[in-house]
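With my numbering, letter number 142 in the sequence shown gets 590, and the count goes up by one each step, no holes. First up is the structure itself, then whatever we jot down about it.
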Amino acid sequence: MPEEKKAVRKKLKANEDMKKFMADYYYELDRCAKTGEKKVAWCTSVGPAEILRAMGFVVYFPETHSAMLGSTRMATDMIPNANAIGYSPEICSYLTADIGAFLQGITPLAKAYEGITTIPKPDVLAFNTNQCRDVQDWFQWYGRKFNVPVVGIRSYRGVGKVTESHVLSIAKQMEEMIPPLEEITGKRFDIDELKRVVALSRECSDLWKKVLDTAAAIPSPLTFFDGTTLMGPAVVGRGTEQANDFYKILLAELEERARDHDGAVEGERYRIYWEGMPIWGRLRAHSELFGGLKASVLASTYCNSWIFSAFDPADPFNSMARAYTELFIVRSDGAKEQYIKRMLDFFKVDGIVYHNARTCPNNSNSRYGMPQRLESETGVPALVIDGDLNDLRCLSDEQTNTNVEAFIERLAGSKQPAFA
Ligand code: SF4
449 MPEEKKAVRK KLKANEDMKK FMADYYYELD RCAKTGEKKV AWCTSVGPAE ILRAMGFVVY
509 FPETHSAMLG STRMATDMIP NANAIGYSPE ICSYLTADIG AFLQGITPLA KAYEGITTIP
569 KPDVLAFNTN QCRDVQDWFQ WYGRKFNVPV VGIRSYRGVG KVTESHVLSI AKQMEEMIPP
629 LEEITGKRFD IDELKRVVAL SRECSDLWKK VLDTAAAIPS PLTFFDGTTL MGPAVVGRGT
689 EQANDFYKIL LAELEERARD HDGAVEGERY RIYWEGMPIW GRLRAHSELF GGLKASVLAS
749 TYCNSWIFSA FDPADPFNSM ARAYTELFIV RSDGAKEQYI KRMLDFFKVD GIVYHNARTC
809 PNNSNSRYGM PQRLESETGV PALVIDGDLN DLRCLSDEQT NTNVEAFIER LAGSKQPAFA
């Protein structure tokens, strides 16, 4: 039996900077929605935020709001409200929790930020189906509710190699969003402003990649559980100077930790890769579970999803189209497997945990034999955890704990750990 004691991941000083960033972000949104100082656009998390920002919108991301519902453990109780108006318990629990909370007049923003009582009312909603169709249905529901326009990009899915024809078709759809957005803002689109925003987004992406790559150090200065909150500015603030300033501070702290061999998990023995969505309502419990077994869950596909290395300010539309199509979630199983193999190697991983999220088949890669294929090709042991991102009725804590403990025991027996 591997050694077990309550070990907690060490806190990062930059967390305070991140909290301030998120507070400033939500207060600006709230102010703009109340005063009309700037128009409010809602956007999907891997959608065309750069276009919206360059056109002067403040940008709100419903997925981040729903993740807050999950991490505050409010989500499960909200889901039945959406089920009651016809949205199945089997579909995305970000959608059902978020719409359910709206129907009940509840938001976790009210608890986190004094003076904010509601989510910011949109002037327009912009989606990209590169991640799933659920976002389109989600945004269209709010479009009807608020009687505001919904614009969208219908993306490819299951893409092997990203080709020129994929890029040109998505870029064209992005360009076609401009006239309806101009009508809403009453201002002309400015290509130089878009180039400036894409340059900032690219810098944000590069900084975020460097942050995540520090986890390759042994021991890792960063865990996936830290990453799920530290990624906030990359999701909601890419394309702004403030997000980049935050990541410079965070990167400096992590590089110092890596130089000092100061691991996020005390006495790191096992290095774990997380594949799939976080279980938002169990972040702390899972951090303690793995940390207590001296297992550092140090890298993930999920946090890497906000790396957009193709962004090029000299060619904004085509490069955005490429970046938003090269994403892991958009790709074929073959392309995903190649990617995961590179990650296992780069982060010197001992074991991989797949989260089979009941309501998100799009971000669950354990259903068609991938864990078995990758394990036989790489020799890296795999574990599948059944659960969900937001609906806590879909998981059994007891079963998860037992399975994780058995998995770490298997790693202890099968492999010389990278660090002891
Ligand atoms: S990718 Fe999954 S979690 Fe995200 S919006 Fe789509 S169905 Fe929901």
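Glycine included, C-beta positions come from ideal geometry on N, C-alpha and C.
> Any heavy atom of the ligand SF4 closer than 8 Å to the CB of E485?
Replying inline: For the purposes of this step, residue 485 is identified with residue 37 of the sequence shown, where counting begins at 1. Flag unset: Cβ of E485 not near the ligand SF4.
> Mind pulling the alpha helix (DSSP H) runs of 4 or more residues that sit fully within the segment 487 to 549?
Replying inline: As far as the segment 487 to 549 is concerned, its whole alpha helix (DSSP H) runs of at least 4 residues are 497 to 502, 510 to 519 and 523 to 532.
> Which whole-angstrom value describes the C-beta separation of V832 and S844, a residue pair presumed to lie in contact below a C-beta threshold of 8 Å?
Replying inline: Position 384 of the sequence shown, counted from the start, is the residue given in the question as residue 832. Position 396 of the sequence shown, counted from the start, is the residue given in the question as residue 844. With 8 Å as the limit, V832 and S844 do not qualify as a contact, their Cβ atoms being about 13 Å apart.
> Less than 8 Å between the CB of W589 and some heavy atom of the ligand SF4, yes or no?
Replying inline: As a working mapping, residue 589 is identified with position 141 in the sequence shown. Relative to the ligand SF4, W589 has its C-beta separated by 8 Å or more from all heavy atoms.
> Could you check where the beta strand (DSSP E) with R719 kicks off and where it finishes?
Replying inline: Residue mapping note: residue 719 aligns to position 271 of the sequence shown, counting from 1. According to the DSSP assignment, R719 belongs to the beta strand (DSSP E) that extends over Y718 to E723.
> How far does the alpha helix (DSSP H) with D478 in it reach, from first residue to last?
Replying inline: Your numbering for residue 478 matches position 30 in the sequence shown. Run containing D478: A462 to T483, per the alpha helix (DSSP H) assignment.
>> Below 8 Å, how does it come out for the segment 622 to 631 and the segment 672 to 684: are there three or more Cβ pairs, yes or no?
In response: no
> Taking 8 Å as the cut-off, does the CB of D839 come closer than this to any heavy atom belonging to the ligand SF4?
Replying inline: Translated into positions along the sequence shown, residue 839 becomes position 391. Outside the cutoff, so no.
>> Just to confirm my understanding: we take N804, look at its own chain, exclude 5 residues before and 5 after, and list those with CB closer than 8 Å. What are they?
In response: Counting from 1 along the sequence shown, the entry for residue 804 is found at position 356. Closer than 8 Å at Cβ, skipping near neighbours: G724, S812, S814, R815, V832, I833, D834 and G835.
> Residue range of the alpha helix (DSSP H) that V607 falls in?
Replying inline: Taking the sequence shown and counting its residues from 1, one reaches residue 607 at position 159. V607 -> no alpha helix (DSSP H), and no H or E assigned at all.
> Measuring CB to CB, does R719 end up less than 9 Å from A712?
Replying inline: The count along the sequence shown starts at 1 and reaches residue 719 at position 271. The count along the sequence shown starts at 1 and reaches residue 712 at position 264. Contact: no.
>> Measuring only the C-alpha atoms, how far is K789 from R521?
In response: On the sequence shown, position 341 is the one that residue 789 refers to. On the sequence shown, position 73 is the one that residue 521 refers to. Rounded to the nearest angstrom, the two C-alpha atoms are 34 Å apart.
>> Taking the straight line between their C-alpha atoms, what separation do you get for G685 and E846?
In response: Counting from one through the sequence shown, the residue named residue 685 turns up at place 237. Counting from one through the sequence shown, the residue named residue 846 turns up at place 398. In a straight line, the C-alpha of G685 is about 37 Å away from that of E846.
> To which residues does DSSP link I800 through a beta bridge?
Replying inline: Counted from its first residue, the sequence shown places residue 800 at position 352. Partner(s): Y721 and A830.
> Taking the beta strand (DSSP E) that N576 falls in, what are its first and last residues?
Replying inline: Working through the sequence shown from its first residue, we reach residue 576 at position 128. Per DSSP, N576 belongs to the beta strand (DSSP E) from V572 to N576.
> Which of the three DSSP states, helix, strand or coil, is assigned to S844?
Replying inline: The residue you call residue 844 lines up with position 396 of the sequence shown. Coil at S844, not helix or strand.
>> Taking DSSP's pairing of strands, which residues face I601 in a bridge?
In response: Numbered from its first residue, the sequence shown carries residue 601 at position 153. Its beta-bridge partners are N576.
>> Alpha carbons only, please: which of H734, A502 and F759 is nearest the one belonging to V852?
In response: As a first step, residue 852 is located in the sequence shown; it is residue number 404 there, counting from the start. Among H734, A502 and F759, the Cα nearest to that of V852 is on H734.
>> For V745, list the residues DSSP reports as bridge partners.
In response: As a first step, residue 745 is located in the sequence shown; it is residue number 297 there, counting from the start. I720, per the DSSP bridge assignment.
>> Taking DSSP's pairing of strands, which residues face A665 in a bridge?
In response: As a working mapping, residue 665 is identified with position 217 in the sequence shown. Its beta-bridge partners do not exist; DSSP assigns none.
> How many angstroms separate the CA atom of Q584 from the CA atom of G600?
Replying inline: Numbered from its first residue, the sequence shown carries residue 584 at position 136. Numbered from its first residue, the sequence shown carries residue 600 at position 152. Between the alpha carbons of Q584 and G600 lies a distance of about 8 Å.
> Does the Cβ of K487 have 16 or more other Cβ atoms within 10 Å, making it buried, or fewer, making it exposed?
Replying inline: On the sequence shown, position 39 is the one that residue 487 refers to. K487 should be labelled buried.
> To the nearest whole angstrom, what separates the beta carbons of M622 and F765, a pair I think is in contact under 8 Å?
Replying inline: Here residue 622 refers to the residue found at position 174 of the sequence shown. Here residue 765 refers to the residue found at position 317 of the sequence shown. Right, the Cβ-Cβ distance comes to about 5 Å (below 8 Å), so this counts as a contact.
> According to DSSP, is R821 helix, strand or coil?
Replying inline: Here residue 821 corresponds to residue number 373 of the sequence shown, with the count starting at 1. R821: helix per DSSP, three-state reduction.
> So, are the CB atoms of L500 and A574 less than 9 Å apart?
Replying inline: Counted from its first residue, the sequence shown places residue 500 at position 52. Counted from its first residue, the sequence shown places residue 574 at position 126. Yes. Within cutoff.
>> I need the straight-line Cα distance from V883 to C491, nearest angstrom please.
In response: With the chain covering 449 to 868 only, the question about residue 883 has no answer from this structure.
> Under a three-way DSSP split, which group does N851 fall into?
Replying inline: Numbered from its first residue, the sequence shown carries residue 851 at position 403. N851 falls in the helix class under three-state DSSP.
>> Below 8 Å on the Cβ atoms is my contact criterion, and I expect N576 with V494 to pass it. Report the Cβ-Cβ distance as a whole number of Å.
In response: Residue numbering aside, residue 576 sits at position 128 when the sequence shown is read from its first letter. Residue numbering aside, residue 494 sits at position 46 when the sequence shown is read from its first letter. Yes, they are in contact, since the Cβ atoms of N576 and V494 sit about 6 Å apart, within 8 Å.
>> Please classify R821 as buried or exposed, where buried requires at least 16 other C-beta atoms within 10 Å of its C-beta.
In response: Position 373 of the sequence shown holds residue 821. It counts as exposed.
>> For K459 and F738, what's the separation of their Cα atoms in angstroms?
In response: Position 11 of the sequence shown, counted from the start, is the residue given in the question as residue 459. Position 290 of the sequence shown, counted from the start, is the residue given in the question as residue 738. About 16 Å.
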